[in-house]
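Undergrad: Have a look at this one.
Residue numbers (our numbering): 2 to 434.
Rendered as structure tokens:
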């Protein structure tokens, strides 16, 4: 395959982004793109889709592929003219380049586009670009589909938690049915409808076609009372009790092995910090940027967190959550949280419900900090272990799917990142894939 080296600044035309202070932004759905990702939205675009953006200041290089009209900030360089090249190929090409040697900033990393003429690109033709973009794009599209699926599944699980334990929908359904003159059987069916989102007619069909599923649903509905009682939180289901979050959880602190001791680092034990917080739709953390050794674990205050633990970031960036998907440890800016009695999924979604309150009640003169006392500031209505365990059992398949998709995404991303340099260099030919 013929190839002719061309300077990057001739291969494509890169343009510095545009200033847009927060005070000048208007409500809209146009993404405002910074060097590290979408930084907000505006009602006006400066660039047409599809677009490719790299970091110019703060974070340099990388690459973002933008599928809608957008506003690139002045901390970025964006491709003003693709010169007839495949847009998605250009995205992968720029991602493959290490721009760190072009850093001209003495403090803040900065990339000057005028210094990019020394980067030579092999022009292998549009057909080659189209095929590479298709191969790598298909992988990224599958990753995006998995991510969207995970976001939907997590939202479903969160909605169920809120319906049961915050809005008390099954209880209200029973009360409304009885108040309208319905029988106890009618009230139970109403609660089953609230839990399953099925109509009464659909429930009757379920009873005939799948009596076991109907019976299981009826058992769940029976866990909810048909009355409420007054409490310090307002009206809560009859027989439920008000508990503080702190009374329901066990906290584990973290730690950092000495950086000066090389034998403590680069082992095989995942070590979580805020940079490892999963992105939207990924819930679980199964790997970390840094790892420590058994000796590092032994010689520091960090501890192993078993799978199912919820990690919450507690200092600086507070209130980010992650479900531990494999045994790991963490630094001292986080807490590991498990329920004293409740299951791991109830614990996770209970914490998601509590996060806003915890963030409002942080302490610290310099950094916002969640302390052990912060967990005393959130109270909830608790209906007992049986109903909490029923919730865990119901959403377990959803979260297992989320975890599986997340693991597949990691494998797909590794495959993509392996193919990328080899395809561009010619080490792997297109007909070999």
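Note that the Cβ used here is the ideal one computed from N, Cα and C, for glycine as well.
Quick check on this structure: which residue in 424, 76, 259, 34 has the alpha carbon closest to the alpha carbon of residue 113?
TA: Residue mapping note: residue 113 aligns to position 112 of the chain shown, counting from 1. Of the candidates 424, 76, 259, 34, the residue whose Cα lies closest to the Cα of residue 113 is 76.
Undergrad: Near residue 282, which residues of its chain fall below 6 Å by C-beta distance, leaving aside the five closest residues on each side in sequence?
TA: In the chain shown, counting from the first residue as 1, residue 282 sits at position 281. So the list reads 148, 151, 152, once near-sequence residues are dropped.
Undergrad: Start and end of the alpha helix (DSSP H) containing residue 165?
TA: Here residue 165 is taken as the residue at index 164 of the chain shown, counted from 1. 127 to 166 is the extent of the alpha helix (DSSP H) around residue 165.
Undergrad: Using 8 Å as the cut-off, can you tell me whether the segment 114 to 125 makes contact with the segment 5 to 20, which would need three or more C-beta pairs spanning the two stretches below that distance?
TA: yes
Undergrad: Would you call the segment 17 to 27 and the segment 129 to 136 in contact, with 3 or more CB pairs under 8 Å?
TA: With the cut-off at 8 Å, the segment 17 to 27 and the segment 129 to 136 do not touch.
Undergrad: Out of 273, 372, 66, which one is the CA nearest neighbour of residue 142?
TA: Here the question's residue 142 lines up with position 141 in the chain shown. Considering only alpha carbons, the answer is 66.
Undergrad: Taking only the alpha-carbon atoms, compute the straight-line gap between residue 201 and residue 188 and give it to the nearest angstrom.
TA: To locate residue 201, count along the chain shown from 1; it is residue 200. To locate residue 188, count along the chain shown from 1; it is residue 187. Distance between the alpha carbons of residue 201 and residue 188: 11 Å.
Undergrad: Pull up the distance between the alpha-carbon of residue 216 and that of residue 428, whole angstroms please.
TA: As a first step, residue 216 is located in the chain shown; it is residue number 215 there, counting from the start. As a first step, residue 428 is located in the chain shown; it is residue number 427 there, counting from the start. Distance between the alpha carbons of residue 216 and residue 428: 60 Å.
Undergrad: On the three-state DSSP scale, how would you describe residue 71?
TA: As a first step, residue 71 must be located in the chain shown, where it is residue number 70. If DSSP states are grouped into helix, strand and coil, residue 71 belongs with the strands.
Undergrad: Please identify the residue among 371, 192, 23, 263 whose C-alpha is closest to the C-alpha of residue 320.
TA: For the purposes of this step, residue 320 is taken as the residue at position 319 of the chain shown. The residue with the shortest Cα to Cα distance from residue 320 is 371.
Undergrad: Closest to residue 403 by CA distance: which of 364, 379, 326 is it?
TA: Translated into positions along the chain shown, residue 403 becomes position 402. For the options 364, 379, 326, the alpha carbon positioned closest to that of residue 403 is the one of 326.
Undergrad: Helix, strand or coil: which one does DSSP assign to residue 418?
TA: Mapped onto the chain shown, residue 418 falls at position 417. The answer is helix: DSSP assigns residue 418 an H, G or I state.
Undergrad: Return the first residue and the last residue of the beta strand (DSSP E) that residue 381 is part of.
TA: Numbered from 1 along the chain shown, position 380 holds the residue referred to as residue 381. For residue 381, the enclosing beta strand (DSSP E) stretches over residues 380 to 383.
Undergrad: Should residue 251 go down as buried or exposed, given a rule of 16 or more other Cβ atoms within 10 Å for buried?
TA: The sequence position of residue 251 within the chain shown is 250, counting from 1. Exposed, by the Cβ-count rule.
Undergrad: Ignoring anything shorter than 4 residues or poking outside the segment 357 to 408, list the alpha helix (DSSP H) runs there in chain order.
TA: Listed in chain order, the alpha helix (DSSP H) elements of length 4 or more contained wholly in the segment 357 to 408 amount to none.
Undergrad: Measuring alpha carbon to alpha carbon, tell me which of 297, 298, 296, 278 ends up nearest residue 289.
TA: For the purposes of this step, residue 289 is taken as residue 288 along the chain shown, with counting starting at 1. Checked all of 297, 298, 296, 278; the closest Cα to residue 289 is 278.
Undergrad: Does residue 21 come out as helix, strand or coil in the three-state DSSP assignment?
TA: Translated into the one-based positions of the chain shown, residue 21 becomes position 20. Residue state, collapsed to three classes: coil.
Undergrad: Flag this pair as yes or no: are the beta carbons of residue 312 and residue 323 separated by less than 8 Å?
TA: For the purposes of this step, residue 312 is taken as residue 311 along the chain shown, with counting starting at 1. For the purposes of this step, residue 323 is taken as residue 322 along the chain shown, with counting starting at 1. Yes, the Cβ-Cβ distance between residue 312 and residue 323 is below 8 Å.
Undergrad: Would a C-beta distance cut-off of 8 Å place residue 379 and residue 358 closer than the cut-off?
TA: Counted from its first residue, the chain shown places residue 379 at position 378. Counted from its first residue, the chain shown places residue 358 at position 357. Against a cut-off of 8 Å, the Cβ pair of residue 358 and residue 379 comes out as a contact.
Undergrad: In chain order, which beta strand (DSSP E) runs of at least 3 residues are fully inside the segment 258 to 306?
TA: 266 to 273, 291 to 293
Undergrad: Can you round the beta-carbon distance between residue 389 and residue 343 to whole angstroms, since I take them to be within the 8 Å contact cut?
TA: Within the chain shown, numbered from 1, the residue matching residue 389 stands at position 388. Within the chain shown, numbered from 1, the residue matching residue 343 stands at position 342. The Cβ separation is near 5 Å, so the contact holds.
Undergrad: Can you tell me the Cα-Cα spacing of residue 5 and residue 100, whole angstroms?
TA: Position 4 of the chain shown holds residue 5. Position 99 of the chain shown holds residue 100. Those two C-alpha atoms are separated by around 22 Å.
Undergrad: For residue 61, which residues in the same chain have their Cβ closer than 8 Å to its Cβ, ignoring the five residues on either side in sequence?
TA: Stepping through the chain shown from its first residue, residue 61 is reached at position 60. The beta carbon of residue 61 is closer than 8 Å to those of 36, 55, 100, 101, 103, 104, 110, 111, 112 in its chain, skipping five residues each way along the sequence.
Undergrad: What does the alpha-carbon distance come out to for the pair residue 88 and residue 80?
TA: Your numbering for residue 88 matches position 87 in the chain shown. Your numbering for residue 80 matches position 79 in the chain shown. Using only the alpha carbons, I get a separation of about 9 Å.
Undergrad: Go to residue 110, then tell me how far its alpha helix (DSSP H) extends in each direction, as first and last residue.
TA: Along the chain shown, one-based indexing puts residue 110 at 109. Where residue 110 is concerned, there is no enclosing alpha helix (DSSP H), given that its DSSP letter is neither H nor E.
Undergrad: Going by other Cβ atoms of all chains shown within 10 Å of its Cβ, with 16 needed for buried, is residue 243 buried or exposed?
TA: In the chain shown, residue 243 corresponds to position 242, counting from 1. Residue 243 should be labelled exposed.
Undergrad: Classify residue 14 as buried or exposed, calling it buried when 16 or more other Cβ atoms lie within 10 Å of its own Cβ.
TA: Position 13 of the chain shown, counted from the first residue, corresponds to residue 14. So residue 14 ends up on the exposed side.
Undergrad: Using the three-state DSSP reduction, which class does residue 316 fall into: helix, strand or coil?
TA: Translated into positions along the chain shown, residue 316 becomes position 315. In the structure shown, residue 316 sits in a strand (DSSP, three-state: E or B).
Undergrad: Just to confirm, is the Cβ distance from residue 212 to residue 196 under 8 Å?
TA: For the purposes of this step, residue 212 is taken as residue 211 along the chain shown, with counting starting at 1. For the purposes of this step, residue 196 is taken as residue 195 along the chain shown, with counting starting at 1. The answer is no: Cβ separation not under 8 Å.
Undergrad: In or out: residue 2 buried (at least 16 other Cβ within 10 Å) or exposed?
TA: For the purposes of this step, residue 2 is identified with residue 1 of the chain shown, where counting begins at 1. Low per-residue confidence applies at residue 2: pLDDT is 47, beneath 50, and the placement is therefore not dependable, though the value from the model is reported in the following sentence. Exposed.
Undergrad: Alpha carbon to alpha carbon, how far is residue 73 from residue 50? Give it in angstroms, no decimals.
TA: Counted from its first residue, the chain shown places residue 50 at position 49. Counted from its first residue, the chain shown places residue 73 at position 72. Near 12 Å, if we compare the C-alpha coordinates of residue 73 and residue 50.
Undergrad: So, helix, strand or coil for residue 430, using DSSP?
TA: Reading the chain shown from its first residue, position 429 is the one you call residue 430. Coil, per DSSP.
Undergrad: Taking three-plus beta-carbon pairs below 8 Å as touching, is the segment 222 to 232 in contact with the segment 178 to 193?
TA: yes
Undergrad: Checking the sheet assignment: what are the DSSP bridge partners for residue 244?
TA: Position 243 of the chain shown, counted from the start, is the residue given in the question as residue 244. Answer is 381, bridged to residue 244.
Undergrad: For residue 239, I'd like the list of residues in its chain whose CB is within less than 7 Å of its CB, leaving aside the five on either flank, ordered along the chain.
TA: Along the chain shown, one-based indexing puts residue 239 at 238. Within the same chain, residue 239 has close Cβ partners 226, 228, 229, 230.
Undergrad: Does the Cβ of residue 52 have 16 or more other Cβ atoms within 10 Å, making it buried, or fewer, making it exposed?
TA: Position 51 of the chain shown holds residue 52. In the assembly as shown, residue 52 is a buried residue. Its beta-carbon has 16 or more other beta-carbons within 10 Å.
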